Each structure stands twice: as C-alpha cells, then as structure tokens.
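Quick note on numbering: full-length UniProt numbering labels position 128 of the sequence shown as 128, and the sequence is numbered without any gaps. The beta-carbon is built from N, C-alpha and C at its ideal position, and this holds for glycine as well. Bear in mind that the values here come from a model prediction, so they are computed numbers and not experimental data. Structure record follows, encoded as structure tokens.
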Amino acid sequence: MTGTAASRATAAGGLRKLRTSDPVFFTALGLLTLLILASVAGRLIPGLNDGASSVGGRFEAPSLAHPLGTDGLGRSLLARLLEGIGTTFLLSLAAVVCTAIIATALGIIAAYAGGWAREIVMRIGDILYAFPAILLALLIAASLGPGGTAALASIVLVTVPLMTRMVGAAAAQVVQRDFVTNARISGVAAPLIMVRHVLVNVAGTVIVQATYALSVAILVEGGLSFLGYGVQLPASSLGLLASEGNVYMLTAPWILIASGGTMVIAILAVNLLGDCLRDRLEPRKAVDLT
Numbered sequence: 001m002t003g004t005a006a007s008r009a010t011a012a013g014g015l016r017k018l019r020t021s022d023p024v025f026f027t028a029l030g031l032l033t034l035l036i037l038a039s040v041a042g043r044l045i046p047g048l049n050d051g052a053s054s055v056g057g058r059f060e061a062p063s064l065a066h067p068l069g070t071d072g073l074g075r076s077l078l079a080r081l082l083e084g085i086g087t088t089f090l091l092s093l094a095a096v097v098c099t100a101i102i103a104t105a106l107g108i109i110a111a112y113a114g115g116w117a118r119e120i121v122m123r124i125g126d127i128l129y130a131f132p133a134i135l136l137a138l139l140i141a142a143s144l145g146p147g148g149t150a151a152l153a154s155i156v157l158v159t160v161p162l163m164t165r166m167v168g169a170a171a172a173q174v175v176q177r178d179f180v181t182n183a184r185i186s187g188v189a190a191p192l193i194m195v196r197h198v199l200v201n202v203a204g205t206v207i208v209q210a211t212y213a214l215s216v217a218i219l220v221e222g223g224l225s226f227l228g229y230g231v232q233l234p235a236s237s238l239g240l241l242a243s244e245g246n247v248y249m250l251t252a253p254w255i256l257i258a259s260g261g262t263m264v265i266a267i268l269a270v271n272l273l274g275d276c277l278r279d280r281l282e283p284r285k286a287v288d289l290t
C-alpha cells in the first residue's frame, strides 16, 4: 500500500470510529448543527426574520410573546440573535476557508522547497504570531475601517501563522518519506507531488487546524464587533449584541446573557469537535521547521 493510500485508509478508519464511539463528538456536532439550523430558520420562517423592525416595548423582559425579550428599540432579541448567529458563522467560515487555502499552500511549499523559501515563510509567520491576536486585529480593522471586510481580514491574519506552522510541520514529515523521494527521482513535477502526495497526507492536519481557527475566528469577530470595529448596525452579530448588552447590562441583562452564552457554546462546541478530530486524524509526530 502506498503512503497516500495508507493515509486515506487511516483517516477513514478514524472517522468510522468517530461515528460509532464518541459521544463528545456527536454532542459538539449536534450543538453546532442546532445553531446553524436556528440561524437558517431565523432567515426563512415568518415572524422570526423581523429583527430590524420594532415589535414591542423597549427592554421588555423575556415572555411568551418575546422569548428572549426586546432590545432598546423594541426589536425582538430572538430575531436579532438568530440573525447574529448567521452573520458570525458566515463571516468566520469565510475567513477560515481563506486561512486554510493560504496556510496550506504556504506550509506545503515551505516544507517541499526548504531553504530560503522555508525561512521566509516561517519568519513572516513568526512576526505575525508575535503580535497579540486582538492587537493585530485592531490594527487591521483600524487600517481598513470598521465593517465585515475588516473583521474577515483580521481573522485571516490572526489565524494564518499558527496554521501555516502546523501544516508545514506535518508536510515536512511527509516530504521525507520514501514515496515522495521516489516521485522526485521519477521526474514527477513538483506541483503534482505537492498535491497528490503531500496535500493528501496532511489533509487531516488541515481539517483539525481549521476547526481551531474557526473558534478563534468567532472570538476575534466577537471582540472586534464588541469594540466597534467589526459588524456595524443595522446588521447583527454575536459580538455586536454583546456590546449592546454590556451597555444595558443592569437594565436588560438578557441581551448580554443570550449573546455571550451563545458565543461560549459555539466556541466550546468547535473546540470539542477539533479535539475529537485531532485524536483520529492528526499525525502523532511532526518535524519542526524552525
């Protein structure tokens, strides 16, 4: 069995084990699925998609009419929360996809090429990683101006360095294996080797790191919107709702509890999912590129 085929078989076996014997995995996946379905329902079901209109009195406490109460403008907090979940998840997922593409390409190229290419990629990553995450995000947001674009760019720059290092370390281990050496000796083009042999064998690491990047993305979006640099009104996001809830914490604590609690659940579920996937898919050994 070739190295690529062995990697696929190992990953398939790990996923089969997840499907049959990991309640933590199913719990985390169930929570994430519930949040996603709730956000979709909030956009499609009549009566739940009116978060931009006034439907009640200001700061009404949770009741049968308004299960999560209303905000300072009389808008349904449930409708705004469902909209906020969708906004936060869409923005975070888009950023993680960009991060995965950039980090995977850089990590594989650094591991395969070695030498000066590896040093340039790793040192740039070290410089970005040296910045505190929220400070780097604020610098990017201040440069681009508040909004979703700034939040997306900030998330990408915060999550790319670590993911590049982890993917690069896994790729460096794969590059040293015999089937890659044989492909090089046989004259197979470098791009084909990197895709058919290296990328396939580091796919597990990419998936695991993407889940962790998603939790960081949710946290960064929440922090930026909380500070006023992320999603802007009249749109809604978990961070923006938490910012409003902080202002009215004594008057209407349900705003902060609902948004903050949802963010905690989302981040916890993503991290648990990442831990379960890591135990099954990620290599136990890695070669340090430094």
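Worksheet item: Just to confirm, does R184 get its C-beta within under 8 Å of one of the non-hydrogen atoms of the ligand GDP?
Response: For the ligand GDP, the structure offers nothing, since it holds no ligand at all.
Fill in: Meets three-Cβ-pair contact criterion under 8 Å: the stretch 75 to 83 and the stretch 152 to 167
These segments do not touch.
Worksheet entry | Exposure label - S186; buried when at least 16 CB within 10 Å | Counting from one through the sequence shown, the residue named residue 186 turns up at place 186. Flag for S186 reads exposed.
Item to complete: Would you decide whether N201 is buried or exposed? Buried here means 16 or more other CB atoms lie within 10 Å of its CB.
Response: Along the sequence shown, one-based indexing puts residue 201 at 201. Counting C-beta atoms within 10 angstroms of its own C-beta, N201 has 16 or more neighbours from the protein chains shown and is therefore classed as buried.
Practice prompt. Evaluate the contact criterion for the stretch 139 to 152 versus the stretch 222 to 231: three or more CB pairs, one atom per stretch, below 8 Å.
Written response: Verdict: yes, contact present.
Discussion item. Buried or exposed for G32, going by 16 or more other Cβ atoms inside 10 Å?
Written reply: Here residue 32 corresponds to residue number 32 of the sequence shown, with the count starting at 1. The question names Gly, yet the displayed sequence has Leu at residue 32. Here L32 is buried: its Cβ has 16 or more other Cβ atoms, across all protein chains shown, within 10 Å.
Discussion item. With H, G and I counted as helix, E and B as strand and the rest as coil, what does DSSP make of G168?
Written reply: Position 168 of the sequence shown holds residue 168. DSSP places G168 in helix when its eight states are reduced to three.
Fill in: Stretch pair the stretch 259 to 273 + the stretch 188 to 195: three plus CB contacts closer than 8 Å
Output reads no: the stretch 188 to 195 does not touch the stretch 259 to 273.
Worksheet item: Do the stretch 195 to 215 and the stretch 167 to 174 meet, that is, are 3 or more Cβ pairs less than 8 Å apart?
Response: The stretch 195 to 215, when compared against the stretch 167 to 174, does touch it at the 8 Å Cβ threshold.
Worksheet entry | L273, DSSP secondary structure in three states | Here residue 273 refers to the residue found at position 273 of the sequence shown. If DSSP states are grouped into helix, strand and coil, L273 belongs with the helices.
Discussion item. To the nearest angstrom, how far is the alpha carbon of V220 from that of I101?
Written reply: The count along the sequence shown starts at 1 and reaches residue 220 at position 220. The count along the sequence shown starts at 1 and reaches residue 101 at position 101. One C-alpha to the other measures close to 19 Å.
Fill in: Beta-carbon gap between L91 and G148 smaller than 9 Å
Counting from one through the sequence shown, the residue named residue 91 turns up at place 91. Counting from one through the sequence shown, the residue named residue 148 turns up at place 148. Against a cut-off of 9 Å, the Cβ pair of G148 and L91 comes out as a contact.
Fill in: Alpha-carbon spacing of G30 relative to N271, whole angstroms
Against the sequence shown, residue 30 aligns to sequence position 30. Against the sequence shown, residue 271 aligns to sequence position 271. Between the C-alpha atoms of G30 and N271 there is a straight-line separation of about 13 Å.
Worksheet item: Can you name the start and end residues of the alpha helix (DSSP H) that A242 belongs to?
Response: By 1-based counting over the sequence shown, the position of residue 242 is 242. For A242, the enclosing alpha helix (DSSP H) starts and ends at L238 to V247.
Fill in: Secondary structure of R280, DSSP reduced to three states
By one-based count along the sequence shown, residue 280 stands at place 280. DSSP places R280 within a helical segment (H, G or I) once states are collapsed to three.
Worksheet entry | Coarse secondary structure for T70, derived from DSSP in three states | Taking the sequence shown and counting its residues from 1, one reaches residue 70 at position 70. Collapsing the DSSP output to three states places T70 in a strand.
Worksheet item: Measuring CB to CB, does L214 end up less than 9 Å from V40?
Response: Here residue 214 corresponds to residue number 214 of the sequence shown, with the count starting at 1. Here residue 40 corresponds to residue number 40 of the sequence shown, with the count starting at 1. Between L214 and V40, the CB-CB gap reaches or exceeds 9 Å.
Fill in: CB of L77 within 9 Å of CB of L241, strictly
Locating residue 77 in the sequence shown gives position 77, counting from the first residue. Locating residue 241 in the sequence shown gives position 241, counting from the first residue. In this structure, L77 lies near L241, with their beta-carbon atoms less than 9 Å apart.
Worksheet item: Straight-line CA distance for I36 to L238?
Response: Locating residue 36 in the sequence shown gives position 36, counting from the first residue. Locating residue 238 in the sequence shown gives position 238, counting from the first residue. Whole-angstrom Cα-Cα distance: 13 Å.
Practice prompt. Using the Cα positions of R278 and A111, report the straight-line distance between them to the nearest angstrom.
Written response: Within the sequence shown, residue 278 is the residue found at index 278, counting from 1. Within the sequence shown, residue 111 is the residue found at index 111, counting from 1. Distance between the alpha carbons of R278 and A111: 21 Å.
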